[in-house]
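Here the working numbering runs 195 ahead of the position in the sequence shown, where the first position is 1.
Backbone N, C-alpha and C define an ideal beta-carbon position, used for all residues, glycine too.
Below: one structure, written as structure tokens.
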Amino acid sequence: MPDSAAVIETADLTKTFGKVRAVDHLSLRVERGGVFGLLGPNGSGKTTTIGMLLGLVAPTSGSIRLFGHDHNGVRDEDLQRIGAIIETPSFYPYLSGRDNLRYFAGISAHSEPGEVERLLDLVELSGNANRKFSTYSLGMKQRLGVAYALLGDPDLVFLDEPTNGLDPAGVAEVRDLVKNLGRDGRTVILSSHMLAEVEQVCERVAIISHGQLLAQGLVAELIGVQGLFRVHTTDDARARGVLAALPTAHDITDTEGGLTVRIDADPSDLSRALAASNIYVRELTPVQTTLEQYFLEVTGESSVGSYGADAVSA
Numbered sequence: 196m197p198d199s200a201a202v203i204e205t206a207d208l209t210k211t212f213g214k215v216r217a218v219d220h221l222s223l224r225v226e227r228g229g230v231f232g233l234l235g236p237n238g239s240g241k242t243t244t245i246g247m248l249l250g251l252v253a254p255t256s257g258s259i260r261l262f263g264h265d266h267n268g269v270r271d272e273d274l275q276r277i278g279a280i281i282e283t284p285s286f287y288p289y290l291s292g293r294d295n296l297r298y299f300a301g302i303s304a305h306s307e308p309g310e311v312e313r314l315l316d317l318v319e320l321s322g323n324a325n326r327k328f329s330t331y332s333l334g335m336k337q338r339l340g341v342a343y344a345l346l347g348d349p350d351l352v353f354l355d356e357p358t359n360g361l362d363p364a365g366v367a368e369v370r371d372l373v374k375n376l377g378r379d380g381r382t383v384i385l386s387s388h389m390l391a392e393v394e395q396v397c398e399r400v401a402i403i404s405h406g407q408l409l410a411q412g413l414v415a416e417l418i419g420v421q422g423l424f425r426v427h428t429t430d431d432a433r434a435r436g437v438l439a440a441l442p443t444a445h446d447i448t449d450t451e452g453g454l455t456v457r458i459d460a461d462p463s464d465l466s467r468a469l470a471a472s473n474i475y476v477r478e479l480t481p482v483q484t485t486l487e488q489y490f491l492e493v494t495g496e497s498s499v500g501s502y503g504a505d506a507v508s509a
């Protein structure tokens, strides 16, 4: 395998269905290891993107590299290193959870003895492994789907909306499971429309809207580079007027104990401008934003809308 830090790279990846452009010149890079979030509303192109990466959907144009290899369709060697659940996992309803996994492990050339029991334990289904799949709760079905995706110990795992339809307890269980999966060198791609889910689980994220990539990077960096500062001076009322005259200062807001201001330049420029007006800075500290605030800014939307109630509450 070529030595590459990226397990996935796309360049101008595009997919059209008739007159609808589902994915629009998507250039994505996913580093090896950890949990990477694909964040976007339903219909934003996430599932179509995953389908192209898995070779299930033919791109209209653009290129894909997996594990450092160029390809027009997923190579057999690469496919053996990938696990996935797309949307709702499907199993045989009258087989038990254990027998379902045994069946799929039996048709996998890379499953090892004892793997089924290890995975059942990993997803905390050992105590219910002999129950028929049809009797499982939705959360149990999703966890069995994760176990299925891990058969053969893949290097890259795609999980498409794994918490859809779950109650709060089920959401928490699946979140904890996904977070742990990215801690052993495996790369997990989590597709979700839930802002809180991505912020809590993912180290890196790509924000997709209307098939276009709006931003990607470390979550901590994306929510920390907004240039929003808390300012407290010897005369906040006059400071507001000085800041309003600066072309690099925006979104000035009065707060309890000072102001907040978004700065496009070095914060020291702000201090110098205030000092030139005999106003001295007592506090100039960056304001940590949330992924929700960052999302609203890059998408230009006024609310989380289709990102669900859980988008704004853990």
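In the structure shown, Ala439 falls within a helical segment according to DSSP collapsed to helix, strand and coil. Contact between the segment 325–336 and the segment 276–296 is present: three or more C-beta pairs spanning the two stretches fall below 8 Å.
DSSP places Ala367 within a helical segment (H, G or I) once states are collapsed to three. Exposure of Asn473 is indicated by the presence of fewer than 16 other C-beta atoms within 10 angstroms of its C-beta.
Here the alpha carbon of Gly309 sits roughly 13 Å from the alpha carbon of Ser321. Three or more Cβ pairs closer than 8 Å define a contact, and the segment 441–451 falls short of that threshold against the segment 473–488. The alpha-carbon of Leu413 is positioned some 6 Å away from that of Val400. Residue pairing by DSSP places Gln411 opposite Ala401 in a beta bridge.
With distances taken between CA atoms, Glu272 lies nearest to Leu261 out of Ile281, Ala279 and Leu261. Three or more Cβ pairs closer than 8 Å define a contact, and the segment 424–439 falls short of that threshold against the segment 390–400. The segment 428–492 contains, as complete beta strand (DSSP E) runs of 3+ residues, the segments 444–450, 453–458 and 476–481 (chain order). Burial check for Glu282: the Cβ neighbour count within 10 Å stays below 16, so the residue is exposed.
Pairing Val352 with Val393, the inter-Cα distance amounts to about 16 Å. A residue is called buried when at least 16 other Cβ atoms come within 10 angstroms of its Cβ; Tyr475 does not meet this threshold and is exposed. A Cβ-Cβ separation of about 13 Å leaves Leu339 out of contact with Gly365 under the 8 Å criterion. In the DSSP assignment, Asp316 is bridged to no other residue.
Residue burial is scored here from C-beta neighbours: Thr485 has fewer than 16 other C-beta atoms within 10 angstroms and is therefore classed as exposed.
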